[in-house]
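Structure, as structure tokens:
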Amino acid sequence: MPGYLLIESRDPFEGKGFSQRLELAAALIAQDAPVTFFLVENGVLAARRAARVHELEKLARSGVAVLADEFALRERGIPAAELAGHIRSATLDLLVERLGAGAVALWN
Amino acid sequence: MRVLQIIETAYRATLEEQDDTVLWFTRAIRGAGAAADVVLTGTAVSYTVRDQDAHGLSIGTWSQRHPPAIEHELTKLIESGASVSAIAEDLEERGIAAESMIAGVARLSRKELSGLLGRYDRVWKW
Amino acid sequence: MTPTRSLTFLLMDAPYEQSRTGTAFRLMDAALRLGFAVRVFAYEGAVSLPVTQQKPHPNAMHGRSVEEEAHPVPHVWVSSLMQRATERGTPLDWVNCGLCVDERGATEVVAGVRRGSPADFWKMVTETDNALIIPTR
Numbered sequence: 069m070p071g072y073l074l075i076e077s078r079d080p081f082e083g084k085g086f087s088q089r090l091e092l093a094a095a096l097i098a099q100d101a102p103v104t105f106f107l108v109e110n111g112v113l114a115a116r117r118a119a120r121v122h123e124l125e126k127l128a129r130s131g132v133a134v135l136a137d138e139f140a141l142r143e144r145g146i147p148a149a150e151l152a153g154h155i156r157s158a159t160l161d162l163l164v165e166r167l168g169a170g171a172v173a174l175w176n
Numbered sequence: 101m102r103v104l105q106i107i108e109t110a111y112r113a114t115l116e117e118q119d120d121t122v123l124w125f126t127r128a129i130r131g132a133g134a135a136a137d138v139v140l141t142g143t144a145v146s147y148t149v150r151d152q153d154a155h156g157l158s159i160g161t162w163s164q165r166h167p168p169a170i171e172h173e174l175t176k177l178i179e180s181g182a183s184v185s186a187i188a189e190d191l192e193e194r195g196i197a198a199e200s201m202i203a204g205v206a207r208l209s210r211k212e213l214s215g216l217l218g219r220y221d222r223v224w225k226w
Numbered sequence: 340m341t342p343t344r345s346l347t348f349l350l351m352d353a354p355y356e357q358s359r360t361g362t363a364f365r366l367m368d369a370a371l372r373l374g375f376a377v378r379v380f381a382y383e384g385a386v387s388l389p390v391t392q393q394k395p396h397p398n399a400m401h402g403r404s405v406e407e408e409a410h411p412v413p414h415v416w417v418s419s420l421m422q423r424a425t426e427r428g429t430p431l432d433w434v435n436c437g438l439c440v441d442e443r444g445a446t447e448v449v450a451g452v453r454r455g456s457p458a459d460f461w462k463m464v465t466e467t468d469n470a471l472i473i474p475t476r
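Protein chains in written order, with my numbering: chain A, 69 to 176; chain B, 101 to 226; chain C, 340 to 476.
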């Protein structure tokens, strides 16, 4: 089953949209569908261990793969040592492969 | 004339422009005589982080020669005499520690921002 | 013979306006590198991406001449993807939405870009493995 690919490009602190999309991811994983939450652009600002985005860890523990674009991380000066433990750095190749596998992709 | 630039948007087309166009604009109007200072708020507080690296962009047969160097742009602004501040609450919620920031950026609480506006002839939000 | 994997991308943003453009081109580049055939439907502002009148400029703030600054021009990105696609033998099909072209006067575009309509987008969707819409704000 190709599952879902939620691509998050916006700063999580910009508005309440981010938490709404986390809720969507949580609802989808509860339906036993594979879900990838892929942070790109300013979305990677959620990836710092010290950032106040506790809901992402909860999402990861529920089985959602939380990935962050390695280029966007580097572009924003977020090194591997500062990355939250539940978030994996990944290249866009992985995003493309998920698309190619037929994942339902929503870009925010 | 004293100008306060409140900058919230960040990394918007910075790869294509090879800089941040609002920081660039601020330096340009300072060059033209504006006494412009900057407050970074929201996403833009991320501009204060050291060691940002946007090298390596390549598309098809094209490779970028000069990636944006945002912290360098900010440092040049500071060195030119501009006051550059970042909203403390926005830094904290993004987990940006003081030791990871470039030198010369002042921390400003959101409450202090309102008091700052009255000291400028023009205040513009970006 | 294994059929070529294929993807459709729908873009909406004009050049130099949003970080989405850079990410979109990185995704399309990655897709070509991974062996996907790529089809692009440029909608609204994105029809200006392949416009050939875009010109690089010097940057006095950076202390660089036109040549030194090497300012990116998205029509070069489009051509460069097309060139890479040709080298790899995996086609890149770029369609500009015709009405959007008319509204914006985006008529002078790189070779290989063709004019179309949402019906072309739909055809792309039915003929490729998946489609990603990168919406504007």
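A virtual CB, placed ideally from N, CA and C, is assigned to each residue, including glycine. On a predicted model such as this, the values are computed, not experimentally measured, just so you know.
Asked	Found
So which residues on chain C does Leu177(B) lean against when the C-beta distance must stay under 9 Å?	Neighbours of Leu177(B) on chain C: none; closest Cβ ~11 Å, over 9 Å.
What are the start and end residues of the alpha helix (DSSP H) that includes Phe380(C)?	It is not in any alpha helix (DSSP H) - Phe380(C) instead sits in the beta strand (DSSP E) that spans Ala376 to Ala381.
In chain A, what lies closer than 8 Å to Asp153(B) by C-beta?	Arg142, Glu143 and Gly145
To the nearest angstrom, report how far apart Phe105(A) and Val132(A) are at their CA atoms.	7 Å
Leu115(B) to Leu388(C), Cα distance in whole Å?	15 Å
Look at Val145(B) and Leu208(B) and say whether their C-beta atoms are less than 8 Å apart.	no
My understanding is that Glu171(B) touches Ile196(B), with C-beta atoms under 8 Å, so please give their C-beta distance in whole angstroms.	So it is not a contact: roughly 12 Å between Cβ atoms.
So what does Cys436(C) bridge to, in DSSP terms?	Gly455(C)
Expressed to the nearest angstrom, what Euclidean distance is found between the alpha-carbon atoms of Ile472(C) and Pro430(C)?	20 Å
To the nearest angstrom, report how far apart Val149(B) and Ala149(A) are at their CA atoms.	15 Å
State the Cα-Cα distance for the pair Trp461(C) and Ile178(B), rounded to the nearest angstrom.	51 Å
Pull up the CB-CB distance for Tyr72(A) and Val172(A), whole angstroms please, since I reckon it's below 8 Å.	5 Å
What is the rounded straight-line gap between the Cα of Ala198(B) and the Cα of Val205(B)?	10 Å
Using the Cβ count rule (16 or more neighbours within 10 Å means buried), how would you classify Val379(C)?	buried
Kindly give me the distance between the Cβ atoms of Gly168(A) and Arg372(C), rounded to whole angstroms, as I take these residues to be in contact under 8 Å.	Contact doesn't hold; Cβ gap of about 12 Å is too wide.
Report, in whole angstroms, the separation of the C-beta atoms of Ser90(A) and Val112(A), which I expect to be a contact under 8 Å.	Checking the sequence shown, residue 90(A) turns out to be Leu, not Ser. Between Val112(A) and Leu90(A) the Cβ distance is about 15 Å, and since that is not below 8 Å, they are no contact.
Does the ligand FAD have a heavy atom nearer than 7 Å to the CB of Val138(B)?	Annotation note on the ligand FAD: not contained in the displayed structure, which lists no ligands.
According to DSSP, is Asn176(A) helix, strand or coil?	coil
Report buried or exposed for Glu442(C), applying the criterion of at least 16 other Cβ atoms within 10 angstroms of its Cβ.	exposed
Among Phe125(B), Thr143(B), Asp190(B) and Gln164(B), whose alpha-carbon lies nearest the alpha-carbon of Arg103(B)?	For the sequence presented, residue 103(B) should be read as Val rather than Arg. Ranking the options by Cα distance to Val103(B), first place goes to Phe125(B).
To the nearest angstrom, how far is it from the Cα of Arg112(B) to the Cα of Asp137(B)?	20 Å
Taking 8 Å as the threshold (C-beta atoms), are Ala115(A) and Leu151(A) in contact?	yes
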